[in-house]
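See structure below.
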Amino acid sequence: MEIIFNTPIYLFGLLSVPALIIIHLLTESSKRAVAIQFANFATIARLSKRGYLPKNITLLIVRCITLVFITLAVAGTTLFYTGQTNNFSFIITIDSSSSMLSQDFAPNRLEAAKEATLNFVEDLSPGNLVGILSFAGTTKIEQTLTYDKFLVKEGIRNIDFQTSGGTDLGAAIITGTNLFFNGANKSKTLILVTDGRSNIGADIEEAIDYANNKGVNIYTVGVGKLEKFEEEINFGLDEEALKDIAVKTGGVYFNGKDIDELNKAFKDVTKISVRKIPVDLTRFLLFLALVLSLLDWVLMKTKFKRVP
22 MEIIFNTPIY LFGLLSVPAL IIIHLLTESS KRAVAIQFAN FATIARLSKR
72 GYLPKNITLL IVRCITLVFI TLAVAGTTLF YTGQTNNFSF IITIDSSSSM
122 LSQDFAPNRL EAAKEATLNF VEDLSPGNLV GILSFAGTTK IEQTLTYDKF
172 LVKEGIRNID FQTSGGTDLG AAIITGTNLF FNGANKSKTL ILVTDGRSNI
222 GADIEEAIDY ANNKGVNIYT VGVGKLEKFE EEINFGLDEE ALKDIAVKTG
272 GVYFNGKDID ELNKAFKDVT KISVRKIPVD LTRFLLFLAL VLSLLDWVLM
322 KTKFKRVP
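In this text, residue positions in the sequence shown follow the working numbering: the first is 22, and each later residue adds one.
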């Protein structure tokens, strides 16, 4: 279980709590100084023996808690817990670099990946949101999150090989993670389909941390077989990196070494029901802040009402 903030900069609003306390104490000190000029000292002596606590300390506590709740609501507080759900939003990121032209899949790796993705989308229930990205050296948004399967399929079919060199997995993860904020409050699953290794762009570890901070599970699908050359240097599929990405974000790695395994990988993703489940606390926190504000008003009009 973890808590994240969609707009953490607003947490600086919590500084208003100590400011409120200081203003309150200064105000009370000033009032006390004025009141003591007309006070009955015998009464004050009796009160001091009993231990005197300012009567409106309760109001101060109520107002401080109200400020905390409002600040947390504005910061977009979301609770994530691991559980079973069938309420998903998917971002599918497909490698469109030149290496995906390899013909160990018919007609090539990219077309095979696109076909498997189309089958995956077709099998999804209508209540799931889907978005599509393609990436190589740069990342391209083919379709933002939508319930419309027709638009999703068009986005998949429109993916073509990119001329920009390299493979930037980090940017694909970060861009895909950002796309989830245009969707509903569903469990966020990013499917990363690639045949290579990240060799340019954003740092993978930073991208993993970013996805984790936003509550995104990443399922990685390796397309093709390992290719090893002299000195055991791997110039092809980087399985270890893909496994690392999946494990660190609560996902699973699949090896799509042929067309059957590729299709099976997508089918297995739909069978996994244990995911990070988000609970948006914004409305709940605002409701609590409203209740406390009403309590503040009632106390001011009754128990702590000032008599001229």
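All C-beta atoms in this analysis are idealised placements derived from N, C-alpha and C, irrespective of residue type, glycine included.
Remember, it's a predicted structure, so these values are computed and weren't measured experimentally.
Problem - Burial state of residue 43, where buried means 16 or more other Cβ atoms lie within 10 Å - result: Working through the sequence shown from its first residue, we reach residue 43 at position 22. When all chains shown are included, residue 43 counts as exposed.
Practice task
Could you please give the first and the last residue of the uninterrupted alpha helix (DSSP H) stretch that includes residue 268?
Solution key: As a first step, residue 268 must be located in the sequence shown, where it is residue number 247. Element bounds for residue 268: 260 to 269.
Problem - Alpha carbon of residue 299 to alpha carbon of residue 291, nearest angstrom - result: In the sequence shown, residue 299 corresponds to position 278, counting from 1. In the sequence shown, residue 291 corresponds to position 270, counting from 1. Distance from the CA of residue 299 to the CA of residue 291, rounded to the nearest whole angstrom, comes to 18 Å.
Exercise for the section: Count the other C-beta atoms from every protein chain shown that fall within 10 angstroms of the C-beta of residue 30, then say buried if there are 16 or more, exposed otherwise. Expected result: Position 9 of the sequence shown, counting from 1, holds the residue named residue 30. Per the 10 Å Cβ criterion, exposed.
Problem - Beta carbon of residue 223 nearer than 8 Å to that of residue 192 - result: As a position in the sequence shown, residue 223 is number 202, starting the count at 1. As a position in the sequence shown, residue 192 is number 171, starting the count at 1. Yes.
Exercise for the section: Let me know the secondary structure DSSP gives residue 118 once reduced to three states. Expected result: Within the sequence shown, numbered from 1, the residue matching residue 118 stands at position 97. The answer is coil: DSSP assigns residue 118 none of H, G, I, E or B.
Practice task
From the DSSP output, in three-state form, read off residue 273 for me.
Solution key: Residue mapping note: residue 273 aligns to position 252 of the sequence shown, counting from 1. Looking at residue 273 - three-state DSSP - the assignment turns out to be coil, as it is neither helix nor strand.
Problem - the segment 180 to 195 in contact with the segment 147 to 167 per 3-pair CB rule at 8 Å - result: Judged by pairs of C-beta atoms under 8 Å, the segment 180 to 195 touches the segment 147 to 167, as three or more such pairs exist.
Exercise for the section: Could you tell me the distance, in whole angstroms, from the CA atom of residue 189 to the CA atom of residue 221? Expected result: Working through the sequence shown from its first residue, we reach residue 189 at position 168. Working through the sequence shown from its first residue, we reach residue 221 at position 200. When the Cα atoms are used, residue 189 and residue 221 turn out to be separated by approximately 5 Å.
Exercise for the section: Can you grab the Cα-Cα spacing for the pair residue 213 / residue 127, in whole Å? Expected result: Taking the sequence shown and counting its residues from 1, the one referred to as residue 213 is at position 192. Taking the sequence shown and counting its residues from 1, the one referred to as residue 127 is at position 106. Between residue 213 and residue 127, the C-alpha separation is close to 20 Å.
Practice task
Measure from the alpha carbon of residue 217 to the alpha carbon of each residue in 276, 313 and 322, then state which is nearest.
Solution key: The residue you call residue 217 lines up with position 196 of the sequence shown. For residue 217, the nearest C-alpha among the options comes from 276.
Exercise for the section: Mind checking who residue 26 pairs with in its DSSP beta bridge? Expected result: Position 5 of the sequence shown holds residue 26. In the DSSP output, where bridge partners are listed per residue, residue 26 has 98.
Practice task
With a 10 Å radius around its C-beta and 16 neighbouring C-beta atoms as the bar for buried, classify residue 308 as buried or exposed.
Solution key: The residue labelled residue 308 in the question sits at position 287 within the sequence shown. That one is exposed.
Practice task
Indicate whether residue 149 and residue 99 have their beta-carbon atoms separated by less than 8 Å.
Solution key: In the sequence shown, the residue the question calls residue 149 occupies position 128. In the sequence shown, the residue the question calls residue 99 occupies position 78. With respect to the 8 Å criterion, residue 149 and residue 99 are not classified as neighbours on the basis of their beta carbons.
Exercise for the section: Under 8 Å Cβ to Cβ from residue 133, same chain only, skipping five residues before and after it: list those, please. Expected result: Here the question's residue 133 lines up with position 112 in the sequence shown. Once the five neighbours on either side are set aside, the close Cβ partners of residue 133 are 126, 127, 244, 280 and 283.
Handout entry: Local conformation of residue 110 per DSSP, three classes
Key = Here residue 110 refers to the residue found at position 89 when the sequence shown is read from its first residue. Here residue 110 sits in strand by DSSP.
Practice task
Would you check if the segment 140 to 148 and the segment 118 to 125 touch, i.e. whether three or more CB-CB distances between them fall below 8 Å?
Solution key: The way I'd put it, the segment 118 to 125 doesn't touch the segment 140 to 148; fewer than three beta-carbon pairs between them come closer than 8 Å.
Handout entry: Which residues DSSP lists as bridging residue 237, in chain order
Key = Here residue 237 is taken as the residue at index 216 of the sequence shown, counted from 1. Bridge partners of residue 237: 209.
Practice task
Take the Cβ of residue 173 as the centre, count every other Cβ of all protein chains shown within 10 Å, and call the residue buried at 16 or more, exposed below.
Solution key: Here residue 173 corresponds to residue number 152 of the sequence shown, with the count starting at 1. Burial call: buried.
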